[in-house]
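In this note's numbering, the protein residues as written are 1 to 77. Glycine included, each C-beta is placed from N, C-alpha and C at the ideal position. The structure presented is a predicted model; accordingly, all values stated were derived computationally and were not measured.
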(Lines of atoms letter the chains of each structure in order from A and count residues from 1; the text may use other names and numbers.)
(Lines give C-alpha, C1' and ligand atoms only; values in the text may rest on other atoms or scores of the structure.)
Protein backbone atom coordinates (compact mmCIF):
# COMPACT_ATOMS: atom_id res chain seq x y z
CA UNK A 1 0.00 0.00 0.00
CA UNK A 2 2.84 2.37 0.80
CA UNK A 3 4.32 1.86 -2.69
CA UNK A 4 1.04 2.84 -4.39
CA UNK A 5 0.77 6.00 -2.31
CA UNK A 6 4.32 7.02 -3.22
CA UNK A 7 3.66 6.24 -6.88
CA UNK A 8 0.44 8.27 -6.88
CA UNK A 9 2.20 11.18 -5.15
CA UNK A 10 5.04 11.01 -7.66
CA UNK A 11 2.63 11.04 -10.57
CA UNK A 12 0.81 13.99 -9.01
CA UNK A 13 4.05 15.91 -8.56
CA UNK A 14 5.12 15.04 -12.11
CA UNK A 15 1.79 16.38 -13.38
CA UNK A 16 2.37 19.65 -11.52
CA UNK A 17 5.88 19.92 -12.94
CA UNK A 18 4.57 19.38 -16.46
CA UNK A 19 1.86 22.02 -15.93
CA UNK A 20 4.44 24.49 -14.60
CA UNK A 21 6.69 23.79 -17.59
CA UNK A 22 3.85 24.41 -20.01
CA UNK A 23 3.00 27.67 -18.23
CA UNK A 24 6.61 28.85 -18.42
CA UNK A 25 6.92 27.85 -22.06
CA UNK A 26 3.76 29.75 -22.96
CA UNK A 27 5.10 32.81 -21.15
CA UNK A 28 8.39 32.56 -23.01
CA UNK A 29 6.45 32.63 -26.27
CA UNK A 30 3.71 35.09 -25.31
CA UNK A 31 5.91 37.91 -24.00
CA UNK A 32 8.00 38.39 -27.19
CA UNK A 33 4.91 38.03 -29.40
CA UNK A 34 3.08 40.68 -27.38
CA UNK A 35 6.11 42.96 -27.62
CA UNK A 36 6.32 42.55 -31.40
CA UNK A 37 2.59 43.20 -31.83
CA UNK A 38 2.89 46.31 -29.68
CA UNK A 39 5.84 47.63 -31.70
CA UNK A 40 4.02 47.02 -34.99
CA UNK A 41 1.02 48.94 -33.63
CA UNK A 42 3.25 51.83 -32.60
CA UNK A 43 4.91 51.88 -36.03
CA UNK A 44 1.54 51.95 -37.80
CA UNK A 45 0.28 54.75 -35.56
CA UNK A 46 3.46 56.75 -36.20
CA UNK A 47 3.12 56.22 -39.95
CA UNK A 48 -0.47 57.46 -39.82
CA UNK A 49 0.62 60.59 -37.95
CA UNK A 50 3.38 61.32 -40.47
CA UNK A 51 1.21 60.78 -43.55
CA UNK A 52 0.35 64.07 -45.28
CA UNK A 53 -3.29 65.11 -45.10
CA UNK A 54 -5.39 63.56 -47.82
CA UNK A 55 -6.93 65.58 -50.62
CA UNK A 56 -10.53 66.56 -49.83
CA UNK A 57 -13.18 64.40 -51.44
CA UNK A 58 -14.55 67.30 -53.51
CA UNK A 59 -11.33 67.77 -55.49
CA UNK A 60 -8.80 65.72 -57.43
CA UNK A 61 -5.09 66.32 -58.00
CA UNK A 62 -3.96 66.06 -61.61
CA UNK A 63 -0.52 65.02 -62.83
CA UNK A 64 0.67 68.60 -62.95
CA UNK A 65 -0.23 69.14 -59.31
CA UNK A 66 -3.24 71.35 -59.98
CA UNK A 67 -6.35 70.75 -57.93
CA UNK A 68 -9.63 70.70 -59.83
CA UNK A 69 -12.94 70.56 -57.95
CA UNK A 70 -15.51 67.99 -58.99
CA UNK A 71 -18.75 66.52 -57.72
CA UNK A 72 -19.76 62.92 -57.75
CA UNK A 73 -22.97 62.16 -59.60
CA UNK A 74 -25.73 60.80 -57.45
CA UNK A 75 -29.27 59.95 -58.38
CA UNK A 76 -31.20 61.80 -61.07
CA UNK A 77 -30.12 65.43 -60.42
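In whole angstroms, what is the alpha-carbon distance linking residue i and residue j?
i	j	result
residue 20	residue 50	45 angstroms
residue 40	residue 28	19 angstroms
residue 14	residue 43	44 angstroms
residue 31	residue 18	20 angstroms
residue 3	residue 10	10 angstroms
residue 45	residue 22	34 angstroms
residue 24	residue 34	15 angstroms
residue 1	residue 16	23 angstroms
residue 38	residue 26	18 angstroms
residue 81	residue 12	Missing from the structure shown is residue 81; the chain here goes from 1 to 77 and no further.
residue 36	residue 7	44 angstroms
Handout entry: Contiguous alpha helix (DSSP H) assignments of at least 4 residues, all confined to the region 15–57
Key = none
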